[in-house]
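As they're listed, the protein sequences go chains B and A.
Residue numbering for the first sequence follows this note's numbering, beginning at 38 and increasing consecutively.
Residue numbering for the second sequence follows this note's numbering, beginning at 38 and increasing consecutively.
All C-beta atoms in this analysis are idealised placements derived from N, C-alpha and C, irrespective of residue type, glycine included.
Protein chains: 2
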Amino acid sequence: MKPYHITALKHIAMLGGVREYVSFSSATFGSMLGVSQQSASKRLLDLIRDGLISRNIVARREQVKLTTKGVEVLRREFADYKIIFEAAKELTLTGVLMSGLGEGAFYMRQRGYKEQFARKLGYEPYEGTLNLRCSGKDLANLEVLRQAEGIQIDEFRSGGRMFGGAKCFRAKMANVECAVIIPLRSHYSDTVELISKFNLRTRLGLSDGDSVELSVLL
Amino acid sequence: MKPYHITALKHIAMLGGVREYVSFSSATFGSMLGVSQQSASKRLLDLIRDGLISRNIVARREQVKLTTKGVEVLRREFADYKIIFEAAKELTLTGVLMSGLGEGAFYMRQRGYKEQFARKLGYEPYEGTLNLRCSGKDLANLEVLRQAEGIQIDEFRSGGRMFGGAKCFRAKMANVECAVIIPLRSHYSDTVELISKFNLRTRLGLSDGDSVELSVLL
DNA sequence: ATTACTAAAATACGAGTAG
DNA sequence: TCTACTCGTATTTTAGTAA
Numbered sequence: 038m039k040p041y042h043i044t045a046l047k048h049i050a051m052l053g054g055v056r057e058y059v060s061f062s063s064a065t066f067g068s069m070l071g072v073s074q075q076s077a078s079k080r081l082l083d084l085i086r087d088g089l090i091s092r093n094i095v096a097r098r099e100q101v102k103l104t105t106k107g108v109e110v111l112r113r114e115f116a117d118y119k120i121i122f123e124a125a126k127e128l129t130l131t132g133v134l135m136s137g138l139g140e141g142a143f144y145m146r147q148r149g150y151k152e153q154f155a156r157k158l159g160y161e162p163y164e165g166t167l168n169l170r171c172s173g174k175d176l177a178n179l180e181v182l183r184q185a186e187g188i189q190i191d192e193f194r195s196g197g198r199m200f201g202g203a204k205c206f207r208a209k210m211a212n213v214e215c216a217v218i219i220p221l222r223s224h225y226s227d228t229v230e231l232i233s234k235f236n237l238r239t240r241l242g243l244s245d246g247d248s249v250e251l252s253v254l255l
Numbered sequence: 038m039k040p041y042h043i044t045a046l047k048h049i050a051m052l053g054g055v056r057e058y059v060s061f062s063s064a065t066f067g068s069m070l071g072v073s074q075q076s077a078s079k080r081l082l083d084l085i086r087d088g089l090i091s092r093n094i095v096a097r098r099e100q101v102k103l104t105t106k107g108v109e110v111l112r113r114e115f116a117d118y119k120i121i122f123e124a125a126k127e128l129t130l131t132g133v134l135m136s137g138l139g140e141g142a143f144y145m146r147q148r149g150y151k152e153q154f155a156r157k158l159g160y161e162p163y164e165g166t167l168n169l170r171c172s173g174k175d176l177a178n179l180e181v182l183r184q185a186e187g188i189q190i191d192e193f194r195s196g197g198r199m200f201g202g203a204k205c206f207r208a209k210m211a212n213v214e215c216a217v218i219i220p221l222r223s224h225y226s227d228t229v230e231l232i233s234k235f236n237l238r239t240r241l242g243l244s245d246g247d248s249v250e251l252s253v254l255l
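See the structure below:
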């Protein structure tokens, strides 16, 4: 999904293409985008090829409208801007450090996850996770996280098995940047996984049973 | 302002670059954008050249932050998505048709305006305007329009004089697409100008003194 | 008037690599 | 390590133009 395709899609949406078929010439569309008629025509063809818009030719006049997929793409963009401008609300999560079963490290070694974390969080996490067990009123905060959108981590297939999707939230523990991971298809749990660019255990001198406080960005 | 520059700016903003200096390697930035380290590095240089971000090198670690101009660019993008998704509220404006002094046509012949209307409204307006005089509770609605953001029409210089900026709003009169124009540096007035792709007078069979109803998109 | 093809020019991209 | 240069290649853009 190239940036200029998103821009083209956005302009069609601004003409009302989310709700109804709208019509305009490729030359007009070009001047809206600041490109030539020829490029505008190609953009439309590309968007059709990618299933982002659909086109009707009715009585010599052609009309376009965004497809569901096209609207989805713009909704994701919109969500990005909301994250940027609409006061990233904070949430404090307290819990007790737990030993995992070492599976965290296994997951964090998967390229499919590593690549997504690097792209979506801006850093490649340390290969290993911390488990944080919450109780009492922190369970309610945990539920808030489950409801919230978070940063999507997509599922992928590797070595003949599926690795499930998840969502994550930027967080800070004692001023160290980290992230809370919540698997998408998980049962209710009082425990979340934490990842960070650093080995949080050694960096913060933590051991099992320690109580830690986390400030999570929604 | 190229679409991929906006995308790059957006990604920096998502890392927190609106409020504070954030640091990341060009390789990481590249994988966030889906481009190489070299291209990511170039994007950063381009954004600096265009005054959209500023960069500090502190203790071998470089940090970037959006400039005011950079934040402005993203705010405009965000506003576009708001228009798309946040239910374009309608406002009904009733008024009486008035003869202008023919100056409307003079303005609409200016390339500087024609080009902007074509780009921002999606059509090149008919060379001529209608004047609509409002009264009573419609004056309050007119004030709502003055407060609202609208679609910006920039001022420009041509033939040795300045042509002032304005804002406009998409509207429909008897199901015909048109737009309300509000000059930016104008005194209080009970009258607004209407433009359309069509000659509204002949198309709708209107004459001076007729009362018309307009549904305006905020 | 329109859309969209082809071919050439302009631009962006990334590999290699210096500093 | 890191950023960012050069340069060959790939992609995008536009002019010209057919339909």
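6 Å CB neighbourhood of residue i in its chain, flanking five on each side removed
i        : result
B/Phe285 : Within the shown structure, residues of chain B are numbered from 38 to 255, placing residue 285 of chain B beyond reach of any answer.
B/Arg222 : Gly201
A/Gln74  : Ser63, Ala64, Gly67
B/Asp247 : Leu134
Residues bridged to residue i [DSSP beta-bridge criterion]
i        : result
B/Ile218 : B/Cys205, B/Glu230
A/Lys102 : A/Ser91
A/Glu140 : Answer is none; A/Glu140 lacks a bridge partner.
B/Thr129 : B/Ser252
B/Val22  : Because chain B is modelled from 38 through 255, residue 22 of chain B falls outside the range shown and cannot be assessed.
B/Gln189 : B/Lys204
B/Met135 : B/Asn168
B/Ser195 : B/Arg198
Within-7 Å CB hit, residue i to chain B
i        : result
A/Ile190 : no
A/Thr263 : Lying outside 38 to 255, the shown extent of chain A, residue 263 of chain A is not represented and no answer is given.
A/Ser68  : yes
A/Arg92  : no
A/Arg238 : no
A/Ile121 : yes
A/Pro162 : no
A/Thr166 : no
Close beta carbons around residue i, own chain, < 7 Å, minus the five adjacent residues each side
i        : result
B/Asp175 : Leu130, Thr131, Gly132
B/Met69  : His48
A/Val181 : Leu128
Chain A within 7 Å of residue i, Cβ atoms only
i        : result
B/Leu52  : yes
B/Phe115 : yes
B/Arg198 : no
B/Gly202 : no
B/Ile219 : no
B/Tyr118 : yes
B/Thr104 : no
B/Phe61  : yes
Rounded separation between residue i and residue j - CA only
i        : j        : result
B/Asn236 : B/Pro220 : 21 Å
A/Lys119 : B/Leu179 : 30 Å
B/Ile188 : A/Gly197 : 53 Å
A/Thr239 : A/Tyr41  : 45 Å
A/Val72  : A/Glu214 : 42 Å
A/Val217 : A/Val55  : 34 Å
B/Gly123 : B/Asp117 : Looking at the sequence shown, residue 123 of chain B is not Gly but Glu. Cα to Cα, the separation comes out at about 10 Å.
A/Glu57  : B/Asn93  : 47 Å
B/Cys171 : A/Leu251 : 57 Å
A/Phe154 : B/Ser226 : 56 Å
A/Val253 : A/Ile232 : 13 Å
A/Phe61  : A/Leu52  : 9 Å
B/Leu167 : B/Ser91  : 47 Å
B/Glu192 : B/Tyr144 : 12 Å
B/Ala45  : A/Asp83  : 22 Å
B/Gln100 : B/Glu161 : 45 Å
A/Arg113 : B/Lys106 : 24 Å
A/Ile121 : B/Lys204 : 26 Å
B/Lys102 : B/Val108 : 10 Å
A/Leu243 : A/Glu152 : 27 Å
B/Ile43  : B/Leu111 : 7 Å
A/Ala185 : B/Leu241 : 51 Å
Nearest neighbour of residue i, chosen from the options [CA to CA]
i        : options                                : result
A/Met210 : A/Ala50, A/Leu179, A/Leu169, A/Ile188  : A/Leu169
A/Thr255 : A/Leu243, A/Ser195, A/Arg183, A/Leu241 : According to the sequence provided, residue 255 of chain A is Leu. The question's Thr does not apply to it. Ranking the options by Cα distance to A/Leu255, first place goes to A/Arg183.
A/Met199 : A/Leu134, A/Arg148, A/Leu89            : A/Arg148
B/Leu256 : B/Ala208, B/Ser248, B/Lys204, B/Val110 : What is shown of chain B runs 38 to 255, which leaves residue 256 of chain B out entirely.
B/Asp14  : B/Lys39, B/Arg80, B/Met135, B/Leu89    : There is no way to answer for residue 14 of chain B, as the model of chain B reaches only from 38 to 255.
B/Asp89  : B/Ser248, B/Tyr225, B/Thr104, B/Leu111 : Note on identity: in this sequence residue 89 of chain B is Leu, with Asp being the wrong assignment. Looking at the Cα atoms, B/Thr104 is the closest of the given residues.
B/Glu230 : B/Phe193, B/Glu164, B/Asn212, B/Arg194 : B/Glu164
A/Val59  : A/Ile85, A/Arg98, A/Gly159, A/Val249   : A/Arg98
B/Thr291 : B/Leu158, B/Asn212, B/Lys126, B/Gly141 : Within the shown structure, residues of chain B are numbered from 38 to 255, placing residue 291 of chain B beyond reach of any answer.
B/Asn212 : B/Ile190, B/Val249, B/Phe115, B/Ile43  : B/Val249
A/Ser156 : A/Ile190, A/Ala185, A/Lys126           : Reading off the sequence shown, one finds Arg at residue 156 of chain A, where the question assumed Ser. Out of A/Ile190, A/Ala185, A/Lys126, A/Ile190 has the C-alpha closest to the C-alpha of A/Arg156.
Contacts around residue i, its chain only, beta-carbon distance under 8 Å, and the 5 residues preceding and following it disregarded
i        : result
A/Ser195 : Gln147, Arg148, Gly149
A/Arg80  : Tyr41, His42, Ala45, Phe66, Leu70, Val72
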